[in-house]
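Chains as they are written, first to last, in my numbering: chain U, 324 to 445; chain Z, 324 to 445. Using N, Cα and C, we set each Cβ at its ideal position, and we do this for glycine too. Owing to the predicted nature of the structure, the values given are computational and were not obtained by experimental measurement. Here is the structure we will look at.
Protein chains: 2
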Amino acid sequence: MAEKSKLSDSCLRSIQGIRDTQDLLSGKWKIPIIGALYFNGKFRFMDLGRHIEGIAPKVLSKELKDLEMNHLVKRTVKDTMPITVEYELTPQGRSLKKVIEAMGEWGTDYRKAVLANALENS
Amino acid sequence: MAEKSKLSDSCLRSIQGIRDTQDLLSGKWKIPIIGALYFNGKFRFMDLGRHIEGIAPKVLSKELKDLEMNHLVKRTVKDTMPITVEYELTPQGRSLKKVIEAMGEWGTDYRKAVLANALENS
DNA sequence: GTAAGTAGTTACCAATAGGTAATTAGTTGC
DNA sequence: GCAACTAATTACCTATTGGTAACTACTTAC
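Below you can see the structure in the form of structure tokens.
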């Protein structure tokens, strides 16, 4: 029973993978955060917040915790006066390269196509 | 004023693209839907529902409308008796190939890494 | 002592996402 | 007529997301 799926195992595995990826990157802010860290290397908490327009400290804090829990971001407390905290991608986070690039390219292409289409119909 | 960003324009454009992509694929179900259509070609409404475990018709309907509105999925009413409706990816939807592949690969790799790590610590 | 900067946390609220169950409306087969 | 299929829609409810604003706690500069 429950063998209605005609999708092959490899397809199901792929879809599972896509879903996992999406879960880890879910929400409004994880992508901009990862993007900023990906393109810039390291950031302190407030600095990161300032570079991501519109994010509240509460949300930034929560998102960073999520990302840290999933081993995509590393948090380092620097024993400076005043104390500072640095965030950076882990190797696992940096391994998102292809995903980030693919999504970035597709998104910009899509935007162009939508604009072109909008102009056509105007 | 408001020039706090040290991120280059090309980075910001990339992040915008990633965000656009993610918005279009947002929610719990769009990825499994696109995945099924991507790996299987065409599906009728109920068939698609049956292949995506746990989705309610209301939600499937809404997600398909979203995808159709964004030109990623094409809906075709077949004038058969009983009437059937076919859903398939548009060329624009199929152009998600690289994104789908990148996310699928990264997700399965991540899953393996997490499993390996869990075994190490057991 | 006061302002400003570090990194957050807390309480509260509103909007959205998504789930359940029933219903609509039409056709086919028995 | 009645069940079962097609493709949805509707009403209702709950949980999660994310936003605002204020607050903690500690340090440095003036």
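Using a beta-carbon distance below 7 Å, is residue i in contact with chain Z?
{"i": "Ser-337 (chain U)", "result": "yes"}
{"i": "Arg-434 (chain U)", "result": "yes"}
By the DSSP assignment, the alpha helix (DSSP H) with residue i in it spans what residues?
{"i": "Lys-397 (chain U)", "result": "Careful: Lys-397 (chain U) lies outside any alpha helix (DSSP H), inside the beta strand (DSSP E) at 396-401."}
{"i": "Glu-424 (chain U)", "result": "420-443"}
{"i": "Thr-344 (chain U)", "result": "332-347"}
{"i": "Gly-350 (chain Z)", "result": "First-last for Gly-350 (chain Z): undefined, no H or E at that position."}
{"i": "Pro-405 (chain Z)", "result": "From DSSP, Pro-405 (chain Z) is part of no alpha helix (DSSP H); its letter is neither H nor E."}
Which value, in whole angstroms, describes the spacing of the CA atoms of residue i and residue j?
{"i": "Lys-327 (chain U)", "j": "Phe-362 (chain U)", "result": "Low per-residue confidence applies at Lys-327 (chain U): pLDDT is 45, beneath 50, and the placement is therefore not dependable enough to give any value."}
{"i": "Glu-443 (chain U)", "j": "His-394 (chain Z)", "result": "16 Å"}
{"i": "Val-408 (chain U)", "j": "Val-382 (chain U)", "result": "17 Å"}
{"i": "Ser-337 (chain U)", "j": "Lys-420 (chain Z)", "result": "12 Å"}
{"i": "Leu-330 (chain U)", "j": "His-374 (chain Z)", "result": "8 Å"}
{"i": "Asp-351 (chain U)", "j": "Thr-403 (chain Z)", "result": "A small fix is needed here, since residue 351 (chain U) is Lys in this sequence, not Asp. Roughly 42 Å separates the two Cα atoms."}
{"i": "Ala-425 (chain U)", "j": "Lys-401 (chain Z)", "result": "35 Å"}
{"i": "Ala-441 (chain U)", "j": "Tyr-433 (chain U)", "result": "12 Å"}
{"i": "Ser-445 (chain U)", "j": "Gln-415 (chain Z)", "result": "21 Å"}
{"i": "Ala-379 (chain Z)", "j": "Met-369 (chain Z)", "result": "10 Å"}
{"i": "Ala-436 (chain U)", "j": "Ser-418 (chain Z)", "result": "12 Å"}
{"i": "Lys-353 (chain U)", "j": "Ser-333 (chain Z)", "result": "19 Å"}
{"i": "Asp-343 (chain U)", "j": "Gln-339 (chain Z)", "result": "22 Å"}
{"i": "Glu-376 (chain U)", "j": "Gly-364 (chain U)", "result": "18 Å"}
{"i": "Ala-325 (chain Z)", "j": "Leu-335 (chain Z)", "result": "Only weak support is given to the placement of Ala-325 (chain Z): the predicted model assigns it a pLDDT of 34, under 50, and the value that follows is read from those uncertain coordinates. Approximately 15 Å, taken between the alpha carbons."}
Going by alpha carbons, who is nearest to residue i out of the options?
{"i": "Ile-341 (chain U)", "options": "Z:Phe-366, Z:Ala-439, Z:Thr-431", "result": "Z:Thr-431"}
{"i": "Val-422 (chain U)", "options": "U:Lys-351, U:Ser-331, U:Ile-357, U:Arg-336", "result": "U:Ile-357"}
{"i": "Leu-446 (chain Z)", "options": "Z:Ala-441, Z:Val-437, Z:Leu-390, Z:Ser-331", "result": "In the structure as shown, chain Z starts at 324 and stops at 445, and residue 446 (chain Z) therefore has no counterpart that could be examined."}
{"i": "Leu-348 (chain U)", "options": "U:Leu-387, U:Val-400, U:Asn-440, U:Tyr-433", "result": "U:Leu-387"}
{"i": "Phe-366 (chain U)", "options": "U:Leu-438, U:Lys-397, U:Val-437", "result": "U:Lys-397"}
{"i": "Trp-429 (chain Z)", "options": "U:Gln-345, U:Ile-354, U:Asp-332", "result": "U:Gln-345"}
{"i": "Glu-527 (chain Z)", "options": "Z:Asp-332, Z:Ala-439, Z:Ser-333, Z:Leu-371", "result": "With chain Z running from 324 to 445 in the structure shown, residue 527 (chain Z) is simply not present."}
Are there any heavy atoms of the ligand GTP lying less than 6 Å away from the beta-carbon of residue i, as far as the coordinates show?
{"i": "Gly-364 (chain Z)", "result": "The ligand GTP is not part of this structure, which contains no ligands at all."}
In the DSSP assignment, find the unbroken beta strand (DSSP E) run with residue i in it and report its ends.
{"i": "Lys-365 (chain Z)", "result": "365-367"}
{"i": "Glu-376 (chain U)", "result": "That residue, Glu-376 (chain U), is in no beta strand (DSSP E); it is neither H nor E in DSSP."}
Compare the C-beta of residue i with all C-beta atoms of chain U and state if any pair is closer than 7 Å.
{"i": "Phe-368 (chain Z)", "result": "no"}
{"i": "Asp-332 (chain Z)", "result": "no"}
{"i": "Met-324 (chain Z)", "result": "Residue placement at Met-324 (chain Z) cannot be trusted, given a pLDDT of 31 that sits under 50; what the coordinates show is reported in the next sentence. Answer no: the Cβ-Cβ gap between Met-324 (chain Z) and chain U never drops below 7 Å."}
For this session: Identify each residue in the stretch 383-410 of chain U for which the Cβ-Cβ distance to at least one residue of chain Z is less than 7 Å, and report them in chain order.
Result: none
For this session: Below 8 Å between beta carbons is the criterion; list the residues of the stretch 335-359 of chain U that meet it against any residue of chain Z, in chain order.
Result: Arg-336, Ser-337, Ile-338, Gln-339, Gly-340, Ile-341, Arg-342, Asp-343, Thr-344, Gln-345, Leu-347, Leu-348, Ile-354, Pro-355, Gly-358, Ala-359
Problem set entry | the stretch 410-432 of chain U: positions lying closer than 8 Å to chain Z by Cβ | Gln-415, Ser-418, Leu-419, Lys-421, Val-422, Ile-423, Glu-424, Ala-425, Met-426, Gly-427, Glu-428, Trp-429, Gly-430, Thr-431, Asp-432
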